[in-house]
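Colleague: Handing you this structure, nothing more for now.
Put into structure tokens, the structure is as follows:
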């Protein structure tokens, strides 16, 4: 399986700028770059399923998914995105991914999962074609930054009120 990467390497620079530069690129935490052979399938799919896992170690999820689902599934942080052109294939791929997660004792956060969405946007992702085979993947449901900001604001308010 081809994994999306949050990267500051030259491939990220090349994908974003059209050519490699000496500058490092820092992506926001909800953004990654998918760079794989299935870029057109990802962009043109008719069905998307978002499986948000309970895993904290992203390498564990990558190992669980393995390389066998690269043509229909990518990883973005702790989320597996399944994409297909038809419902029968999509449901079979969903079954395969769930079995892989079960084999590795990985759970799902069902409240954050989206099943059989007709667009990436409905599944909580914005996808943008970059140079070559690269696709910018933006997780629109990632609330990690907002939660951190709210906590900081609450702490500042408590300090101010003390």
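In our numbering, the protein residues as written are 19 to 180.
Note that CB positions come from ideal geometry on N, CA and C, so glycine has one too.
#1: Start and end of the beta strand (DSSP E) containing residue 143?
#2: Whether or not the region 109 to 121 and the region 147 to 154 are in contact is what I'm after, with contact meaning three or more pairs of Cβ atoms, one per stretch, closer than 8 Å; do they touch?
#3: Does the region 59 to 68 come close enough to the region 92 to 105 that 3 or more CB-CB pairs lie under 8 Å?
#4: Please report the distance separating the alpha-carbon of residue 125 from that of residue 99.
#5: Which residues in the same chain have their Cβ closer than 6 Å to the Cβ of residue 74, if we skip the five residues on either side of it in sequence?
#6: Would residue 157 and residue 94 qualify as a contact pair, given that the criterion is a beta-carbon distance under 7 Å?
#7: What three-state label does DSSP hand residue 115 in the structure shown?
#8: Count the other CB atoms, across all protein chains shown, that sit within 10 Å of the CB of residue 81; report buried if there are 16 or more and exposed otherwise.
Modeller: According to the structure data:
#1: Position 125 of the chain shown holds residue 143. In the DSSP annotation of this structure, the continuous segment of the beta strand (DSSP E) that includes residue 143 starts and ends at 143 to 147.
#2: Judged by pairs of C-beta atoms under 8 Å, the region 147 to 154 does not touch the region 109 to 121, as fewer than three such pairs exist.
#3: With the cut-off at 8 Å, the region 92 to 105 and the region 59 to 68 touch.
#4: Stepping through the chain shown from its first residue, residue 125 is reached at position 107. Stepping through the chain shown from its first residue, residue 99 is reached at position 81. Cα-Cα distance, rounded: 15 Å.
#5: Reading the chain shown from its first residue, position 56 is the one you call residue 74. Excluding sequence neighbours, residue 74 sits near nothing in its chain.
#6: Taking the first residue of the chain shown as position 1, residue 157 is located at position 139. Taking the first residue of the chain shown as position 1, residue 94 is located at position 76. Their beta carbons are under 7 Å apart, which means residue 157 touches residue 94 by this criterion.
#7: Within the chain shown, the letter at position 97 stands for residue 115. Residue 115 falls in the helix class under three-state DSSP.
#8: Looking up residue 81 in the chain shown gives position 63. Flag for residue 81 reads exposed.
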